[in-house]
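To keep things clear, I will list the structure first and then write my remarks on it.
In UniProt numbering, the protein residues as written are 1 to 157.
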């Protein structure tokens, strides 16, 4: 299995560009109900991930900034608090799993470092759940794992 199996392609991913404004990022995130979105540069390379927290902390640190003025603030001025890592499409699955443990999604790049899509944590979990159900390893299926026996006092033995 490889990363391409889980890839949500770029055309289906909500992104912003480094040239977007703070207001554009907020509006896209609000409209799509996302708490984080990838940022792309002018050449289509992955430049980072902006989160609601990044935008909130930036606005908090600028008490002079009124919401009506957020269309004048380039997104590139907003510091990103977390370094969301990307993986190459030909990276090992172990590298993807290591990142998806700590990121809701993992950006994926091609061999020219251009953004080609994301892998969502939920898709990995859904896949693993399906495999475990097929093997009967989840409750409610023909479970190969047997619950611990209890003695007459309800203690597990």
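For every residue, glycine included, the Cβ atom is placed at its ideal position computed from N, Cα and C. Owing to the predicted nature of the structure, the values given are computational and were not obtained by experimental measurement.
Other residues of its chain near residue i: CB distance less than 7 Å, five sequence neighbours each side excluded
{"i": "residue 117", "result": "7, 8, 9, 10, 13, 108"}
{"i": "residue 171", "result": "Absent from the structure is residue 171, since the part of the chain shown begins at 1 and ends at 157."}
{"i": "residue 34", "result": "14"}
{"i": "residue 91", "result": "3"}
Straight-line Cα distance separating residue j from residue i
{"i": "residue 65", "j": "residue 4", "result": "42 Å"}
{"i": "residue 16", "j": "residue 125", "result": "26 Å"}
{"i": "residue 105", "j": "residue 47", "result": "15 Å"}
{"i": "residue 44", "j": "residue 114", "result": "5 Å"}
{"i": "residue 95", "j": "residue 86", "result": "10 Å"}
{"i": "residue 89", "j": "residue 27", "result": "30 Å"}
{"i": "residue 58", "j": "residue 79", "result": "7 Å"}
{"i": "residue 23", "j": "residue 137", "result": "47 Å"}
{"i": "residue 127", "j": "residue 121", "result": "10 Å"}
{"i": "residue 53", "j": "residue 93", "result": "29 Å"}
{"i": "residue 42", "j": "residue 55", "result": "21 Å"}
{"i": "residue 19", "j": "residue 77", "result": "10 Å"}
{"i": "residue 97", "j": "residue 67", "result": "38 Å"}
{"i": "residue 31", "j": "residue 25", "result": "10 Å"}
Outcome for residue i when other beta-carbon atoms lying within 10 angstroms are tallied against a minimum of 16
{"i": "residue 160", "result": "The displayed coordinates of the chain run from 1 to 157. Any statement about residue 160 would go beyond what the structure contains."}
{"i": "residue 131", "result": "exposed"}
{"i": "residue 1", "result": "exposed"}
{"i": "residue 29", "result": "buried"}
{"i": "residue 139", "result": "exposed"}
Same chain, Cβ closer than 6 Å to residue i, five either side skipped, listed in chain order
{"i": "residue 36", "result": "49, 51"}
{"i": "residue 62", "result": "none"}
{"i": "residue 84", "result": "49, 103"}
Same chain, Cβ closer than 8 Å to residue i, five either side skipped, listed in chain order
{"i": "residue 21", "result": "70, 71, 72, 73, 74, 75"}
{"i": "residue 123", "result": "6, 8"}
{"i": "residue 40", "result": "15, 16, 17, 18, 46, 47, 115"}
{"i": "residue 81", "result": "51, 53, 54, 57"}
Beta carbon proximity, residue i to chain B, threshold 9 Å
{"i": "residue 3", "result": "The structure shown contains no chain B, having only a single protein chain."}
Report the residue ranges of all beta strand (DSSP E) runs contained in full by the segment 58 to 118; include only those spanning at least 3 residues, in chain order. 105 to 109
Would you list, in sequence order, the uninterrupted alpha helix (DSSP H) runs of no fewer than 4 residues that lie entirely inside the UniProt domain "CBS" (7 to 67)? 22 to 32, 52 to 61
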